[in-house]
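Student: For the sequence shown, the working numbering begins at 4 and goes up steadily by one.
Here it is: the structure, laid out below.
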Amino acid sequence: MSEGKILPEIITPSNKEVIVVGEQLNGEIRPVTLELLGAGRDLASKLGGSLSCVLLGHKLEKLPQKLISYGADIVYVADDSILENYQTLPYRRVIVDFLSGFTLPPHIVLLGSTTCGRDLAPRIAAHFETGLTADCTELDIGPYEHTNKIDPEKVGLYPNCLYAIRPSFGESLKARILGPWKNPQMATVRPGIMLPLKPDENHKGEIKTIPVDLKPEDYRAELIEVVHEVSKSVNLTEADVIVAGGFGLGKQDGFELIKELASCFENVAIGASRKVVDIGWIPYPYQIGQTGKSVRPKVYIACGISGAIQHRVGMSKSGLIIAINKDPEAPIFKFAHHGIVGDLYQIIPELIKQFKSNIVKEEKPLVRQN
Ligand SMILES: Cc1cc2nc3c(=O)[nH]c(=O)nc-3n(C[C@H](O)[C@H](O)[C@H](O)COP(=O)(O)OP(=O)(O)OC[C@H]3O[C@@H](n4cnc5c(N)ncnc54)[C@H](O)[C@@H]3O)c2cc1C
Numbered sequence: 004m005s006e007g008k009i010l011p012e013i014i015t016p017s018n019k020e021v022i023v024v025g026e027q028l029n030g031e032i033r034p035v036t037l038e039l040l041g042a043g044r045d046l047a048s049k050l051g052g053s054l055s056c057v058l059l060g061h062k063l064e065k066l067p068q069k070l071i072s073y074g075a076d077i078v079y080v081a082d083d084s085i086l087e088n089y090q091t092l093p094y095r096r097v098i099v100d101f102l103s104g105f106t107l108p109p110h111i112v113l114l115g116s117t118t119c120g121r122d123l124a125p126r127i128a129a130h131f132e133t134g135l136t137a138d139c140t141e142l143d144i145g146p147y148e149h150t151n152k153i154d155p156e157k158v159g160l161y162p163n164c165l166y167a168i169r170p171s172f173g174e175s176l177k178a179r180i181l182g183p184w185k186n187p188q189m190a191t192v193r194p195g196i197m198l199p200l201k202p203d204e205n206h207k208g209e210i211k212t213i214p215v216d217l218k219p220e221d222y223r224a225e226l227i228e229v230v231h232e233v234s235k236s237v238n239l240t241e242a243d244v245i246v247a248g249g250f251g252l253g254k255q256d257g258f259e260l261i262k263e264l265a266s267c268f269e270n271v272a273i274g275a276s277r278k279v280v281d282i283g284w285i286p287y288p289y290q291i292g293q294t295g296k297s298v299r300p301k302v303y304i305a306c307g308i309s310g311a312i313q314h315r316v317g318m319s320k321s322g323l324i325i326a327i328n329k330d331p332e333a334p335i336f337k338f339a340h341h342g343i344v345g346d347l348y349q350i351i352p353e354l355i356k357q358f359k360s361n362i363v364k365e366e367k368p369l370v371r372q373n
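This is the structure we're talking about:
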């Protein structure tokens with residue numbers, strides 16, 4: 004606090020725009036972009052500003068309109084054959100040129116903590132010599148009082164700072180990280196954390212084309228071929244149902260039972276706790292939790308997972324959590340919506356039998372709980 008003194012208000016000028024750097028793949032908007040628009044809408048309202056999305060790609064057709072229906076007031080589109088697939092240098096150039104074109108800088112720029120977002124965000128932040136907080140799980144707007152006299156020029160009250168919030172110290176603390184000195188204030192956000200808005204076809208927005216002016220140094224790498232992974236499994240962050248296995252499976256083969264249970268559902272993915280990843284029962288991409296993926300499926304079935312805090316942070320926002328554990332005191336029962344106490348090797352086969360014989364019928368589609 005400012006020890007009773009009234010601090011001068013220091014406004015770092017911006018155009019009050021919140022800009023989401025969108026991602027598309029094979030003609031589809033990545034879910035994280037829609038999630039960021041949901042979070043961005045809230046920030047823009049608190050700022051009294053507007054929400055935009057910048058989308059790079061080729062033959063984007065209806066995608067900009069989709070972004071408007073998910074809350075964007077303006078969609079800036081860069082369409083060029085070289086932008087069809089993500090490439091670091093061309094994407095960096097277009098976005099840096101685009102952001103440099105504003106008379107006053109945007110207030111906030113958000114990207115997903117995806118492979119592309121993590122590659123691009125620091126390059127943009129470095130160009131503008133601005134702060135970047137990676138892997139956020141919450142975002143907000145608020146003031147910051149700077150009273151440190153070591154740098155007297157900076158002493159003052161900074162309104163409208165981006166509060167970039169992320170877990171730290173093994174999830175025991177939430178760190179609120181601020182970069183009040185300069186706009187745009189930047190953050191990357193974990194996929195599967197923020198909620199998208201309900202699409203509204205009546206939401207009005209503008210689509211603006213932005214130039215693609217690449218320089219010879221942007222062509223240092225040539226994309227020869229894109230090889231798509233052939234996988235029947237659904238991306239964990241996009242699945243409606245996740246069946247996850249933990250150390251309670253007792254052996255690697257236990258995942259066969261998990262797969263069989265998963266086969267009872269549509270749009271389903273397999274997940275795992277870190278303990279079973281660490282002992283090599285299943286590869287790392289399946290890991291859910293603090294050091295794995297954050298997920299928000301409609302249904303999460305945890306089988307033989309204790310519910311340690313580091314696992315919980317990655318899945319606790321699931322719509323419906325069902326836990327199967329033989330220990331009635333297991334921490335997972337404190338936050339699961341339904342718990343089944345017992346040996347998973349007896350319970351799961353019975354569940355499979357019931358699902359397969361259609362005794363359990365879905366009466367109405369499950370929806371995400373906000
Ligand atoms: C910095 C840090 C980061 C971490 N990141 C992650 C992360 O991203 N994700 C993550 O998951 N963990 C993470 N961990 C590890 C975490 O703390 C736990 O150790 C881990 O989640 C435990 O995995 P588990 O629940 O599978 O195993 P356990 O804790 O051993 O639990 C096994 C559970 O199975 C039950 N069980 C046993 N047999 C049966 C049976 N036959 N039928 C039914 N139930 C049975 C037991 O009662 C027990 O509750 C992290 C830890 C640290 C320190």
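We put the beta carbon where it would ideally sit given N, CA and C, even for glycine.
With a Cβ-Cβ cutoff of 8 Å, do G41 and L226 count as a contact?
Tutor: As a first step, residue 41 must be located in the sequence shown, where it is residue number 38. As a first step, residue 226 must be located in the sequence shown, where it is residue number 223. Contact flag unset, no.
Student: With a threshold of 16 other CB atoms inside 10 Å of the CB of K376, please say whether the residue is buried or exposed.
Tutor: No information on residue 376 is available, as it lies outside the stretch 4 to 373 that the chain covers here.
Student: Let's test the definition: count the other Cβ atoms within 10 Å of the Cβ of L28 and tell me whether it reaches 16, buried, or not, exposed.
Tutor: To locate residue 28, count along the sequence shown from 1; it is residue 25. Its Cβ having fewer than 16 others within 10 Å, L28 is exposed.
Student: On a CA-only basis, which of K278, I285, G292 is nearest I261? Give me that one, please.
Tutor: Translated into positions along the sequence shown, residue 261 becomes position 258. With distances taken between Cα atoms, I261 lies closest to I285.
Student: Decide yes or no for the touch test of the segment 64-83 against the segment 103-112: beta carbon pairs closer than 8 Å, at least 3 of them.
Tutor: Segments in contact, no.
Student: Do the segment 269-276 and the segment 240-256 make contact, defined as three or more Cβ pairs closer than 8 Å?
Tutor: As far as the Cβ criterion goes, the segment 269-276 touches the segment 240-256, which means the pair count is three or higher.
Student: Check the C-beta distance from S319 over to F338 and give it rounded, since I have them as a contact under 8 Å.
Tutor: In the sequence shown, counting from the first residue as 1, residue 319 sits at position 316. In the sequence shown, counting from the first residue as 1, residue 338 sits at position 335. Correct: roughly 6 Å between the Cβ atoms.
Student: Around the C-beta of S297, are 16 or more other C-beta atoms found within 10 angstroms, so that it is buried, or is it exposed?
Tutor: Within the sequence shown, residue 297 is the residue found at index 294, counting from 1. By the neighbour-count rule (16 or more Cβ atoms within 10 Å), S297 is buried.
Student: Below 8 Å on the Cβ atoms is my guess for L102 versus P93; work out the distance and round it to an integer in Å.
Tutor: Numbered from 1 along the sequence shown, position 99 holds the residue referred to as residue 102. Numbered from 1 along the sequence shown, position 90 holds the residue referred to as residue 93. About 15 Å; that fails the 8 Å criterion.
Student: How many whole angstroms separate the CB atoms of L323 and V302, which I take to be in contact at a CB cut-off of 8 Å?
Tutor: Locating residue 323 in the sequence shown gives position 320, counting from the first residue. Locating residue 302 in the sequence shown gives position 299, counting from the first residue. That pair is a contact at about 5 Å.
Student: Assuming I98 and L70 make a contact with CB atoms under 8 Å, what is their CB distance in whole Å?
Tutor: Counted from its first residue, the sequence shown places residue 98 at position 95. Counted from its first residue, the sequence shown places residue 70 at position 67. At roughly 16 Å, the Cβ-Cβ gap does not stay under 8 Å, so I98 and L70 are not in contact.
Student: Rounded to whole angstroms, what's the CA-CA distance from A47 to L113? Just pull it up for me.
Tutor: Residue mapping note: residue 47 aligns to position 44 of the sequence shown, counting from 1. Residue mapping note: residue 113 aligns to position 110 of the sequence shown, counting from 1. Whole-angstrom Cα-Cα distance: 12 Å.
Student: Grab me the residues of G182's own chain with a C-beta within less than 6 Å of its C-beta, minus the 5 sequence neighbours each way, in chain order.
Tutor: Reading the sequence shown from its first residue, position 179 is the one you call residue 182. Hits under 6 Å: G134, Q188.
Student: My understanding is that E38 touches I196, with C-beta atoms under 8 Å, so please give their C-beta distance in whole angstroms.
Tutor: For this step, residue 38 is matched to residue 35 along the sequence shown. For this step, residue 196 is matched to residue 193 along the sequence shown. At roughly 7 Å, the Cβ-Cβ gap stays under 8 Å, so E38 and I196 are in contact.
Student: Taking 7 Å as the cut-off, is the beta-carbon of R169 closer than that to any non-hydrogen atom of ligand 1?
Tutor: For the purposes of this step, residue 169 is identified with residue 166 of the sequence shown, where counting begins at 1. Incorrect: R169 has no Cβ contact closer than 7 Å to ligand 1.
Student: Compute the Euclidean distance between the alpha carbons of I168 and S360, then round it to the nearest angstrom.
Tutor: Here residue 168 refers to the residue found at position 165 of the sequence shown. Here residue 360 refers to the residue found at position 357 of the sequence shown. Using only the alpha carbons, I get a separation of about 46 Å.
Student: Where E64 and T15 are concerned, what is the direct C-alpha to C-alpha distance, given to the nearest angstrom?
Tutor: Walking along the sequence shown from the start, residue 64 turns up at place 61. Walking along the sequence shown from the start, residue 15 turns up at place 12. Spanning the two alpha carbons is a distance of roughly 37 Å.
Student: What are the complete alpha helix (DSSP H) segments, minimum 4 residues, inside the segment 104-139?
Tutor: With a minimum length of 4 residues, the continuous alpha helix (DSSP H) runs that stay inside the segment 104-139 are 118-131.
Student: Let me know the beta strand (DSSP E) ranges lying completely inside the segment 229-287, each 3 residues or longer, listed in chain order.
Tutor: The segment 229-287 contains these whole beta strand (DSSP E) runs: 244-248, 271-275.
Student: Need the endpoints of the beta strand (DSSP E) that E209 sits in, please.
Tutor: One-based indexing of the sequence shown puts residue 209 at position 206. Looking at the DSSP string, the run of the beta strand (DSSP E) that includes E209 is 209-212.
Student: Sort I153, L176, H61, K8 by Cα distance to G30 and report the nearest one.
Tutor: Taking the first residue of the sequence shown as position 1, residue 30 is located at position 27. With distances taken between Cα atoms, G30 lies closest to H61.
Student: At the level of alpha carbons, what is the spacing between E132 and I111?
Tutor: Here residue 132 refers to the residue found at position 129 when the sequence shown is read from its first residue. Here residue 111 refers to the residue found at position 108 when the sequence shown is read from its first residue. Cα to Cα, E132 sits roughly 14 Å from I111.
Student: Considering only the beta carbon of each residue, do L54 and V24 sit closer than 8 Å?
Tutor: What you label residue 54 is simply residue 51 of the sequence shown in a count that begins at 1. What you label residue 24 is simply residue 21 of the sequence shown in a count that begins at 1. No, Cβ-Cβ distance for L54 and V24 is not below 8 Å.
Student: What's the call for N186, buried or exposed, on a 16-neighbour Cβ count within 10 Å?
Tutor: Here the question's residue 186 lines up with position 183 in the sequence shown. Buried: at least 16 other Cβ atoms inside 10 Å.
Student: May I ask which residues mark the beginning and end of the alpha helix (DSSP H) holding T36?
Tutor: Within the sequence shown, the letter at position 33 stands for residue 36. Segment 34-50, the alpha helix (DSSP H) holding T36.
Student: Please tell me whether, using a cut-off of 7 Å, the distance from the CB of T294 to the nearest non-hydrogen atom of ligand 1 is below it.
Tutor: Locating residue 294 in the sequence shown gives position 291, where the first residue counts as 1. True, at least one ligand heavy atom lies under 7 Å from that Cβ.
Student: Answer yes or no: do V229 and N328 have a C-beta to C-beta separation smaller than 8 Å?
Tutor: As a first step, residue 229 is located in the sequence shown; it is residue number 226 there, counting from the start. As a first step, residue 328 is located in the sequence shown; it is residue number 325 there, counting from the start. Taking 8 Å as the Cβ cut-off, V229 and N328 do not qualify as a contacting pair.
Student: Tell me which same chain residues have a C-beta within less than 8 Å of the C-beta of L252, skipping the five on either side of it?
Tutor: Locating residue 252 in the sequence shown gives position 249, where the first residue counts as 1. Answer for L252: F258, L260, I261, V279, W284, C306, G307, L347, listed in chain order.
Student: Quick one, are the C-beta atoms of L10 and E148 less than 8 Å apart?
Tutor: Sequence index remark: in the sequence shown, residue 10 carries index 7 (1-based). Sequence index remark: in the sequence shown, residue 148 carries index 145 (1-based). Cβ distance < 8 Å, so L10 and E148 count as in contact.
Student: My guess is that E12 and G159 are in contact by the Cβ rule of under 8 Å, so how many angstroms apart are they, rounded?
Tutor: Numbered from 1 along the sequence shown, position 9 holds the residue referred to as residue 12. Numbered from 1 along the sequence shown, position 156 holds the residue referred to as residue 159. With a Cβ gap of about 6 Å, E12 and G159 count as contacting.
Student: Using a Cβ-Cβ cut-off of 7 Å (strictly less than) and excluding sequence neighbours within five positions of R315, which residues of its own chain qualify?
Tutor: Residue mapping note: residue 315 aligns to position 312 of the sequence shown, counting from 1. The answer, listed in chain order, is F338.
Student: What is the C-beta distance between A137 and S171, in whole angstroms, given that I count them as a contact (C-beta under 8 Å)?
Tutor: Within the sequence shown, residue 137 is the residue found at index 134, counting from 1. Within the sequence shown, residue 171 is the residue found at index 168, counting from 1. Their Cβ separation, rounded to whole angstroms, is 12 Å, which puts A137 and S171 out of contact at 8 Å.
Student: Any heavy atom of ligand 1 closer than 7 Å to the CB of F338?
Tutor: Residue 338 sits at position 335 when you count from the first residue of the sequence shown. Not under cutoff, so the answer is no.
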